[in-house]
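First residue of the sequence shown: 23, per this note's numbering; consecutive thereafter. Note that beta-carbon positions come from the ideal geometry of N, C-alpha and C, so glycine has one too. Before any comments, here is the structure.
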Amino acid sequence: MTIISVTWTIYDDRLKAFMNNCTGGGLVIKNICEYIGRKEKSYLFLGQVLLPEIRLDHFTILETLSEEAPDKYDNENYLNYLACQFERHLMRLRPQIVNFHGIGDFVNKCVAVCERLGIPYVATNHLYIGINNTYSGYERCRVWEDDLYLKPDIQVTAVSTGIKKRIEKDYPNLKDVKVILNGTDFMSDMESEEIQLNNDILRKKILVCAGTVSERKNQMQIITAFKYLRNDIKDNIVILFCGNDRMDGKLQREISENALDNQVMYCGALTSKQMKTIYSIAEGLIMPSKAEGLSIAALEAISYGIPIIMFSDSECVYDLNDKNVVCLAKDRRDETLADAIEEWFDRKWDGKYIKEYAEEFTLEHMADKYLAFYKELLIRKNV
Numbered sequence: 023m024t025i026i027s028v029t030w031t032i033y034d035d036r037l038k039a040f041m042n043n044c045t046g047g048g049l050v051i052k053n054i055c056e057y058i059g060r061k062e063k064s065y066l067f068l069g070q071v072l073l074p075e076i077r078l079d080h081f082t083i084l085e086t087l088s089e090e091a092p093d094k095y096d097n098e099n100y101l102n103y104l105a106c107q108f109e110r111h112l113m114r115l116r117p118q119i120v121n122f123h124g125i126g127d128f129v130n131k132c133v134a135v136c137e138r139l140g141i142p143y144v145a146t147n148h149l150y151i152g153i154n155n156t157y158s159g160y161e162r163c164r165v166w167e168d169d170l171y172l173k174p175d176i177q178v179t180a181v182s183t184g185i186k187k188r189i190e191k192d193y194p195n196l197k198d199v200k201v202i203l204n205g206t207d208f209m210s211d212m213e214s215e216e217i218q219l220n221n222d223i224l225r226k227k228i229l230v231c232a233g234t235v236s237e238r239k240n241q242m243q244i245i246t247a248f249k250y251l252r253n254d255i256k257d258n259i260v261i262l263f264c265g266n267d268r269m270d271g272k273l274q275r276e277i278s279e280n281a282l283d284n285q286v287m288y289c290g291a292l293t294s295k296q297m298k299t300i301y302s303i304a305e306g307l308i309m310p311s312k313a314e315g316l317s318i319a320a321l322e323a324i325s326y327g328i329p330i331i332m333f334s335d336s337e338c339v340y341d342l343n344d345k346n347v348v349c350l351a352k353d354r355r356d357e358t359l360a361d362a363i364e365e366w367f368d369r370k371w372d373g374k375y376i377k378e379y380a381e382e383f384t385l386e387h388m389a390d391k392y393l394a395f396y397k398e399l400l401i402r403k404n405v
């Protein structure tokens, strides 16, 4: 079987063009291509950067670079050029199926090519914004979601049960969104790469919040909830924020204005190896997101035996719901989030149990589910 995956960008610290996109979504899409490629022919078509053909371990990034390429900032011509390149690869490789990861104008252009050529395709949702969006930066997503999910006979997969439920509620025409849970190959190596943390910090309980600093990820609420913690907890924990800053320093300013510089710290975007160092010393992960897929940071944390704090209405709760692994804030008030942090602090967690629980979320299992779904879809379509 030949599969072409399509997405705007990925994260891969081996490639200069993609080493700064330190996002869970970018990592998992790359890993889907890699692990599918261990069993079938796997190709990846990208839009963000024009590239020559690149062969990675078990998959190939398809060529988009040519002398005819328009300026990227001429958006419509750039997207039309990519659609032509995509069609060229479809005609050459004749894939049995195309898997689109994400939404947007780029995806819509490529979907139109598949429809015109009669090539079966699947749309995988890694992050659903939906009708009741309350945060900025995702205004166009509603249009893109309509463009894709209102298509007749569209085949959709979701990376979590929570996303499936939200999509099916907003789009009753989608009768059977298939859940294929994210996975990770993150091994719990105890790393000691240099991270500038002093001994006073290392003597305290370290709580990590990993992910791009943004309104959607909702890191700011941790700062406002901090004041509701018991004094003994305030004195004995350190919260580390790790991720790209998309709020122009707002989080750092809030930390300073609340005089929390010794208790709450922004570490910036870290490599996978540096995150292993953080997980090696951390005792908890806090995930206050307003919208989430199936968080890769959460899967990485539990592979280290680290429990997770999140809200009870998180999309992840349906798939990460073992009370010996997660600690839930009952609602989204600051006081309730503080209560959940206190529960995490006071409980004795079984790291061995959490690591065993993490074994359910492997990349091998994830890839097998994708391949089984592709084969099932092709049978239904008599291909």
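{"Asked": "Distance CB(G184)-CB(E337) smaller than 8 Å", "Found": "yes"}
{"Asked": "L149 versus G124 - alpha carbon distance", "Found": "8 Å"}
{"Asked": "Beta-bridge pairing of R355 - partner residues as DSSP gives them", "Found": "According to DSSP, R355 bridges with nothing at all."}
{"Asked": "Collapsed DSSP secondary structure at A380 in the structure displayed", "Found": "helix"}
{"Asked": "Residues bridged to V286 (per DSSP)", "Found": "I261"}
{"Asked": "Helix, strand or coil at F67 [DSSP, three-state]", "Found": "strand"}
{"Asked": "Own chain, CB closer than 6 Å to S64, minus 5 neighbours either side, in chain order", "Found": "I25, C55, I58 and F81"}
{"Asked": "For M253, the three-state DSSP class (helix, strand or coil)", "Found": "A quick correction: the sequence has Asn, not Met, at residue 253. Three-state result, N253: helix."}
{"Asked": "Option in D283, P92, N155 and R354 with minimal Cα separation from A247", "Found": "R354"}
{"Asked": "N- and C-terminal bounds of the beta strand (DSSP E) containing H123", "Found": "I119 to H123"}
{"Asked": "Sequence-distant residues of the same chain with beta carbon closer than 7 Å to Q423, five excluded per side", "Found": "It is not possible to answer for residue 423, since the shown part of the chain is limited to 23 through 405."}
{"Asked": "Secondary structure of G159, DSSP reduced to three states", "Found": "coil"}
{"Asked": "Outcome for I308 when other beta-carbon atoms lying within 10 angstroms are tallied against a minimum of 16", "Found": "buried"}
{"Asked": "Beta bridge counterpart(s) of F40 as assigned by DSSP", "Found": "None; F40 has no bridge partner."}
{"Asked": "The ligand FAD heavy atom lying under 7 Å from the CB of I32", "Found": "Looking at this structure, you won't find the ligand FAD or any other ligand, since it has none at all."}
{"Asked": "Exposure of I401, with buried meaning 16 or more beta-carbon neighbours within 10 Å", "Found": "exposed"}
{"Asked": "Pick from Q241, I228, K186 and V135 that is closest to D341, judged by C-alpha positions", "Found": "K186"}
{"Asked": "Beta-carbon proximity check, A91 vs K131, cutoff 8 Å", "Found": "no"}
{"Asked": "Rounded separation between D35 and P74 - CA only", "Found": "18 Å"}
{"Asked": "Endpoints, the alpha helix (DSSP H) within which L307 is located", "Found": "Not the alpha helix (DSSP H): L307 falls in the beta strand (DSSP E), residues G306 to M309."}
{"Asked": "Residue closest to A180, alpha-carbon to alpha-carbon, out of T146, D198, C163 and S158", "Found": "T146"}
{"Asked": "Straight-line Cα distance separating Y171 from F128", "Found": "15 Å"}
{"Asked": "T299 to I259 span [Cα, whole Å]", "Found": "18 Å"}
{"Asked": "Beta-carbon contacts of R60 that lie in its chain and below 6 Å, excluding the five residues immediately before and after", "Found": "H80"}
{"Asked": "CB of L273 within 8 Å of CB of Q241, strictly", "Found": "yes"}
{"Asked": "Cβ-Cβ separation, E190 to V201 (assumed contact under 8 Å), whole Å", "Found": "Contact doesn't hold; Cβ gap of about 11 Å is too wide."}
{"Asked": "Range covered by the beta strand (DSSP E) that runs through A180", "Found": "V178 to A180"}
{"Asked": "First through last residue of the alpha helix (DSSP H) which encompasses C106", "Found": "N97 to L115"}
{"Asked": "Endpoints, beta strand (DSSP E) assigned at C231", "Found": "K227 to A232"}
{"Asked": "Within 8 Å, strictly: CB atoms of L262 and M287", "Found": "yes"}
{"Asked": "Bridge partner(s) assigned by DSSP for T299", "Found": "According to DSSP, which records beta bridges pairwise, T299 is partnered with nothing at all."}
{"Asked": "Inter-residue CB distance, G315 and G47 (contact presumed, cutoff 8 Å)", "Found": "7 Å"}
{"Asked": "Option in M269, Y375, E62 and C163 with minimal Cα separation from P117", "Found": "E62"}
{"Asked": "Reduced DSSP category for A145 - H, G, I as helix; E, B as strand; rest coil", "Found": "strand"}
{"Asked": "Beta carbon of V50 nearer than 8 Å to that of V120", "Found": "no"}
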